[in-house]
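This report refers to the structure that appears directly beneath it.
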Amino acid sequence: MVARTAFRTVVLTVAMILFVPIIVLWGRAAVRD
216 MVARTAFRTV
226 VLTVAMILFV
236 PIIVLWGRAA
246 VRD
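In my numbering, the protein residues as written are 216 to 248.
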């Protein structure tokens with residue numbers, strides 16, 4: 216199913232967009248501590 220693969224790609228893309236800033240901010244907070 217092409218639609219299923221595309222949906223999975225979109226979900227992974229959105230997850231990356233949401234998680235990357237959190238990881239960066241968490242990393243900065245860890246460096247400060």
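For glycine and all other residues, C-beta sits at the position ideal for the given N, C-alpha and C.
Residue i - containing alpha helix (DSSP H), residue span
i    : result
M216 : No alpha helix (DSSP H) contains M216, which DSSP labels as neither H nor E.
Proximal residues to residue i (C-beta, below 7 angstroms), its chain only, five neighbours per side dropped
i    : result
L233 : none
Contact set for residue i: own chain, Cβ-Cβ below 8 angstroms, skip 5 residues either direction
i    : result
P236 : none
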